[in-house]
Amino acid sequence: MAGGAKLQDAASSTGNGNVVNCLGIAGTYRLTLIGAGTISAGGVTWEQNPISATYSGTWEPLAAELTPVDATVVSAAFTGVVHYVRARVSTAVTGGGTVTARMQAPVGDAA
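First residue of the sequence shown: 3, per our numbering; consecutive thereafter.
Okay, here's the thing in structure tokens:
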């Protein structure tokens, strides 16, 4: 998929994003946030769990909470084995803007 799997699409309210099954494949994964409009606060947490896409327990953070910025791309990378991955808007995006989160997997690994 061009640009990677979309985990959040023009989100601003807190909540879980789309879940991607990475099949337990080891590699380097990258989460990219794209801020649109005016953003005065907010945060997105990139998470995974090894159980299922509908797991209702506590998901494991793959990186510290990312803060979206107006018209800017912010990213984080994680190297390891991942299963079910999502981007959760953990702190509401305020100021009228939104955030879109995409994940590329794996990044820079030999085919």
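Just so you know, even glycine gets a beta-carbon here, dropped at the ideal spot from N, CA and C.
- Going by DSSP, N51 is part of the beta strand (DSSP E) stretching over 43–51.
- Taking the CA atoms as reference points, V91 sits about 10 Å from P70.
- For the 8 Å CB-CB criterion, E49 and E62 form a contact.
- With contacts defined by Cβ atoms closer than 8 Å, A89 and L25 do not form a contacting pair.
- CA-to-CA, the gap between G44 and T96 works out to about 6 Å.
- Among the bridge pairs identified by DSSP, S77 is matched with T34.
- Annotation for L68: no beta strand (DSSP E) segment contains it, and DSSP assigns it neither H nor E.
- Here DSSP, grouped into helix, strand and coil, assigns Y57 to coil.
- With respect to A73, A38 sits close: the two C-beta atoms are nearer than 8 Å.
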